[in-house]
Amino acid sequence: MNKFNKIVCTVFSLSVLSVAFAQDAERQTPPPGGTPKDFTLPAKDSFGLDNGLKGTLISFGSVPKATVTVIVRSGNLNDGDQTWISDLSSDFLLEGTTSRSAEEIARAAAEMGGEIGVSVGEDQTRITADILAEFAPEMIELIADVVRNPAFPESVLERLKRDRLRQLSVAKTQPQQMAVGEFRKALYGDHPYGRLLPEEAQLSAYTIDDARNFYNNNFGAQRTQVYVAGVFDAGAARAAIERGFGDWKAGPEILIDIPERAKGKVVVDVVDRPGASQSNIMLGLPTVPPGHADWIPLQITNSLLGGSYSSRITSNIREDKGYTYSPFSTISARYQDAYWVQSAAVTTDVTGPALKEILYEIDNLQENPPPADELTGIKNYAAG
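Each residue of the sequence shown is one higher than the last, beginning at 10 in our numbering.
In structure tokens:
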């Protein structure tokens with residue numbers, strides 16, 4: 010199945026210069042890749058608490074530092090029709106708990122040699138900190154307080170919304186971001202993965218109750234896993250996890266909402282911007298997800314087709330045709346879901362020819378196996 014989306018936006022003009030360099034000697038063939046070295050993942054100690062929370066301890070390295078990461082299976086997937094409410098709700102995590110102010114949280118983390126960061130993804134929220142090794146237990150308990158007891162002070166609501174509105178405003182001026190939004194809408198439709206950006210009025214209307222309710226409905230022990238990696242006292246770290254999280258309510262079960270795949274149709278979406286100097290092309294389709302038997306071969310196929318500097322699409326529309334400066338392809342993955350997409354910002358008057366060449370390279374790879382030397386080069390690149 011093929012699905013693709015194109016969006017044309019007003020952006021700066023690119024000029025591609027062809028610069029010739031004199032070469033006194035013929036280009037030498039690079040040496041073959043060496044034999045890959047054995048690699049063994051460090052041992053991990055995984056355990057669970059009675060409330061459903063999971064912990065994983067990984068002793069690794071010799072530098073006296075540790076990383077504490079708490080992952081909650083809650084993100085934009087859980088937004089429902091309130092796009093970005095997960096982001097706004099998680100902004101409150103560092104704005105104070107029922108026993109600590111925002112300043113006290115920041116100072117405590119700094120005294121351990123680090124700071125706490127919060128990021129929201131499509132199906133998980135990450136709270137993480139790098140600290141000096143001896144402070145791993147203290148950081149575990151500090152993050153436990155941040156995750157479990159956010160105060161949601163209404164006094165900071167308008168500031169947090171203004172920050173998000175600025176991000177939205179910037180995103181809507183960036184052609185690539187706009188292209189991704191339209192591509193995802195074409196690919197996923199009404200599924201939360203298809204709603205990348207909220208409307209300004211929607212974001213402005215969110216209340217403190219909206220943020221608090223999202224937290225209450227989506228955070229809990231059985232959606233949470235705590236990771237500690239680096240140099241640390243494993244016994245003390247495990248005890249800190251049990252103290253910090255052991256009496257947390259189980260909360261909701263993990264939300265599983267895998268998008269259905271549209272079959273047997275091609276979607277072409279054009280957003281016209283009269284007078285635009287560039288087109289932002291995104292062309293892609295659903296693929297197998299991580300864990301599938303073809304996942305690793307898919308990485309090699311992507312590198313060969315458009316995901317490396319020497320890939321076929323890059324060589325064609327950048328090196329040979331000069332249509333674009335930085336085309337790239339990538340595989341974007343979520344839980345039991347993934348898609349492949351080729352992106353390129355091209356001069357407007359070569360939009361059609363660029364699409365033609367991209368489709369040619371896709372068809373050619375499907376119909377003709379790559380030569381052994383090309384495939385070996387790509388595998389060496391991936392191994393490196």
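Note that the Cβ used here is the ideal one computed from N, Cα and C, for glycine as well.
Could you tell me which of the options sits nearest to residue i, measuring between CA atoms?
{"i": "Val277", "options": "Val237, Thr44, Gly361 and Asp47", "result": "Gly361"}
{"i": "Val156", "options": "Ile114, Tyr348 and Asp139", "result": "Ile114"}
{"i": "Asn225", "options": "Ile152, Ala259, Arg135 and Gly190", "result": "Ala259"}
{"i": "Lys63", "options": "Ile371, Val235 and Gln287", "result": "Val235"}
{"i": "Val317", "options": "Val297, Asp303, Gln351 and Ala285", "result": "With the sequence shown as reference, residue 317 is identified as Ser, and Val is not the correct amino acid for it. The candidate whose alpha carbon is nearest that of Ser317 is Gln351."}
{"i": "Tyr334", "options": "Trp304, Gln287 and Pro378", "result": "Gln287"}
{"i": "Gln91", "options": "Ala210, Ser319, Thr385 and Ala52", "result": "Ala210"}
{"i": "Gly203", "options": "Asp329, Thr49 and Asp266", "result": "Asp266"}
{"i": "Ile387", "options": "Glu370, Gly315, Asp372 and Ala52", "result": "Gly315"}
{"i": "Thr182", "options": "Arg282, Ala111 and Glu112", "result": "Arg282"}
{"i": "Thr134", "options": "Tyr215, Ala214 and Asn227", "result": "Asn227"}
Using the C-alpha atoms, what's the distance from residue j back to residue i?
{"i": "Arg472", "j": "Ala363", "result": "Summary: the structure shown does not reach residue 472, with the chain confined to residues 10 through 393, and so no result is reported for it."}
{"i": "Phe69", "j": "Ala243", "result": "11 Å"}
{"i": "Leu103", "j": "Asp172", "result": "14 Å"}
{"i": "Leu313", "j": "Arg321", "result": "6 Å"}
{"i": "Ala391", "j": "Pro306", "result": "11 Å"}
{"i": "Thr233", "j": "Pro268", "result": "23 Å"}
{"i": "Val79", "j": "Ile149", "result": "9 Å"}
{"i": "Gln185", "j": "Val355", "result": "12 Å"}
{"i": "Pro295", "j": "Asp346", "result": "8 Å"}
{"i": "Val77", "j": "Gly61", "result": "19 Å"}
{"i": "Val165", "j": "Val127", "result": "17 Å"}
{"i": "Gly229", "j": "Val81", "result": "8 Å"}
{"i": "His200", "j": "Asp47", "result": "42 Å"}
{"i": "Ile394", "j": "His301", "result": "Residue coverage of the chain in this structure runs from 10 to 393, which leaves residue 394 outside it and unanswerable."}
{"i": "Pro368", "j": "Lys330", "result": "According to the sequence provided, residue 368 is Leu. The question's Pro does not apply to it. Answer to the nearest angstrom: the Cα atoms are 15 Å apart."}
{"i": "Asn373", "j": "Arg270", "result": "25 Å"}
{"i": "Glu383", "j": "Glu120", "result": "52 Å"}
{"i": "Pro378", "j": "Ile371", "result": "12 Å"}
{"i": "Ala353", "j": "Ala381", "result": "28 Å"}
{"i": "Thr385", "j": "Asp303", "result": "18 Å"}
{"i": "Glu112", "j": "Tyr197", "result": "41 Å"}
{"i": "Gly253", "j": "Lys53", "result": "21 Å"}
{"i": "Glu147", "j": "Ser110", "result": "17 Å"}
Leaving out the 5 sequence neighbours to the left and right, which residues in its chain are closer than 7 Å to residue i when beta-carbon positions are compared?
{"i": "Phe161", "result": "Phe101, Ile217, Ala220 and Arg221"}
{"i": "Arg168", "result": "none"}
{"i": "Leu264", "result": "Leu86 and Asn87"}
{"i": "Leu212", "result": "Trp93, Lys170, Arg173, Leu174 and Leu177"}
{"i": "Leu205", "result": "Val189, Gly190 and Arg193"}
{"i": "Phe223", "result": "Ile94, Ser95 and Ser98"}
Skipping 5 residues on each side, what residues in its chain have a beta carbon closer than 6 Å to that of residue i?
{"i": "Ala342", "result": "Pro299"}
{"i": "Val129", "result": "Gly84, Ser95, Asp96 and Ser99"}
{"i": "Gly89", "result": "none"}
{"i": "Lys55", "result": "Here the sequence assigns Ser to residue 55, which means Lys is not the residue at that position. Within the same chain, Ser55 has close Cβ partners Thr65."}
{"i": "Pro45", "result": "Ala392"}
{"i": "Ser319", "result": "none"}
{"i": "Val179", "result": "none"}
{"i": "Pro51", "result": "Ile67 and Phe69"}
{"i": "Asp154", "result": "Thr106"}
{"i": "Pro40", "result": "none"}
Verify whether the separation of the beta carbon atoms of residue i and residue j is less than 8 Å.
{"i": "Asp96", "j": "Tyr344", "result": "no"}
{"i": "Pro73", "j": "Ala142", "result": "yes"}
{"i": "Gly293", "j": "Trp349", "result": "yes"}
{"i": "Val237", "j": "Ala246", "result": "yes"}
{"i": "Thr357", "j": "Pro336", "result": "no"}
{"i": "Ile340", "j": "Gln375", "result": "no"}
{"i": "Gly255", "j": "Leu66", "result": "no"}
{"i": "Asn311", "j": "Glu366", "result": "no"}
{"i": "Val297", "j": "Tyr332", "result": "no"}
{"i": "Gly122", "j": "Ile136", "result": "no"}
{"i": "Ala145", "j": "Ala75", "result": "yes"}
{"i": "Glu251", "j": "Gln231", "result": "no"}
Excluding sequence positions up to five away, which residues of its chain have a Cβ less than 8 Å from the Cβ of residue i?
{"i": "Asn158", "result": "Thr106, Thr107 and Ser108"}
{"i": "Ser24", "result": "Caution is warranted here: a pLDDT of 32 is assigned to Ser24, below 50, making its placement in the model unreliable, and no coordinate value can be reported."}
{"i": "Ala34", "result": "Only weak support is given to the placement of Ala34: the predicted model assigns it a pLDDT of 47, under 50, and the value that follows is read from those uncertain coordinates. Cβ neighbours of Ala34 beyond the five flanking positions: none."}
{"i": "Glu124", "result": "Ala115, Ala118 and Ala138"}
{"i": "Glu163", "result": "Ile217"}
{"i": "Ser71", "result": "Val240"}
Going along the chain, which unbroken runs of the beta strand (DSSP E) with 3 or more residues stay wholly within the region 255-317? Along the length of the region 255-317, whole beta strand (DSSP E) runs at least 3 residues long occupy 287-295, reported in chain order.
Minimum length 3: unbroken beta strand (DSSP E) runs contained in the region 134-175: Counting whole runs of 3 or more residues, the region 134-175 contains the beta strand (DSSP E) stretches 134-141.
Which runs of the alpha helix (DSSP H), 4 residues or longer, sit entirely within the region 208-234? Annotation note: the region 208-234 contains the following uninterrupted alpha helix (DSSP H) runs of length 4 or greater, listed N- to C-terminal: 209-213 and 217-227.
If we require 4 or more residues per run, which alpha helix (DSSP H) segments fall completely within the region 69-114? Qualifying alpha helix (DSSP H) stretches, in chain order: 94-100.
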